[in-house]
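Numbering (UniProt numbering), first residue to last: 1 to 205. Input: a single structure, listed below in structure tokens.
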């Protein structure tokens with residue numbers, strides 16, 4: 001009987017020991033979790049540093065004295081049906097045969113919609129130079145395409161002495177005229193010399 005009681009006491013001691021060990025383990029684990037550093041999840045993708053330098057856009061300088069292209073002007077003997085396509089949107093004059101562009105010229109059409117759109121023809125009036133006193137402006141190599149001397153193809157502007165106005169000439173490629181179509185000196189001279197009377201001229205936006 002005494003032996004049975006001792007065994008019960010021993011069992012109780014073992015159970016208590018197990019309970020105490022369990023409580024101690026739980027306390028240790030809780031303490032470790034509390035003390036563990038908090039880790040915040042971050043993206044592994046590194047953002048590329050933004051460049052502090054702005055992209056430099058080089059402005060094309062137009063040589064208002066020279067031909068617009070580095071090639072020969074079209075041989076009109078091979079293109080008897082040539083016509084002139086004036087784009088006010090692109091500020092270009094395209095020398096065309098049908099739909100084929102033979103040559104592209106820089107141009108400046110009129111400010112404030114002063115250059116009319118429509119289909120016209122090269123008229124009989126043309127000359128080497130003129131000067132408009134009311135506008136205090138002239139030009140060289142002029143060729144009329146509407147109004148018999150009102151709307152012209154001509155060079156970049158000149159002053160009363162016949163000197164080219166560099167400030168105005170450097171606007172070539174942008175709307176700048178009073179209604180005529182400005183061209184480089186070389187392009188205006190070519191049209192004045194070679195484009196025949198009656199050639200179709202189409203002006204559009």
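For glycine and all other residues, C-beta sits at the position ideal for the given N, C-alpha and C.
#1: Report the start-end ranges of each alpha helix (DSSP H) in the segment 98-182 that is 4 residues or longer and not cut off at the edges.
#2: Shortest alpha-carbon distance to residue 189 belongs to which of 142, 205 and 101?
#3: Which residue from 117, 193, 115 and 78 puts its Cα closest to that of residue 98?
#4: Return the CA-CA distance between residue 192 and residue 167, expressed in angstroms with no decimal places.
#5: Contact between the segment 165-181 and the segment 108-125: three or more CB pairs below 8 Å?
#6: Can you grab the Cα-Cα spacing for the pair residue 158 / residue 172, in whole Å?
#7: Please tell me whether residue 145 and residue 201 are closer than 7 Å, where the distance is taken between their beta carbons.
#8: Alpha carbon to alpha carbon, how far is residue 116 from residue 71?
#9: Measure how close the beta-carbons of residue 184 and residue 83 come, nearest whole angstrom, since I'm counting them as under 8 Å.
#10: Within this structure, are the beta carbons of residue 139 and residue 154 separated by less than 7 Å?
#11: Does the Cβ of residue 96 have 16 or more other Cβ atoms within 10 Å, making it buried, or fewer, making it exposed?
#12: Could you tell me the alpha carbon to alpha carbon distance between residue 93 and residue 160, rounded to whole angstroms?
In brief:
#1: DSSP runs (the alpha helix (DSSP H)) wholly in the segment 98-182: 166-169.
#2: That would be 142, whose Cα lies nearest to the Cα of residue 189.
#3: Answer by Cα proximity: 78.
#4: Straight-line Cα distance between these residues: approximately 24 Å.
#5: Taking 8 Å as the limit for Cβ pairs, the verdict is that the segment 108-125 does touch the segment 165-181.
#6: Approximately 14 Å, taken between the alpha carbons.
#7: In this structure, residue 145 lies near residue 201, with their beta-carbon atoms less than 7 Å apart.
#8: Rounded to the nearest whole angstrom, the CA to CA distance from residue 116 to residue 71 is 30 Å.
#9: In fact, because the Cβ distance is near 20 Å, the residues do not count as touching under 8 Å.
#10: Yes, Cβ-Cβ distance for residue 139 and residue 154 is below 7 Å.
#11: By the neighbour-count criterion, in which a residue is buried when 16 or more other Cβ atoms sit within 10 angstroms of its Cβ, residue 96 is buried.
#12: Each residue's CA atom was taken as its position, placing residue 93 and residue 160 some 27 Å apart.
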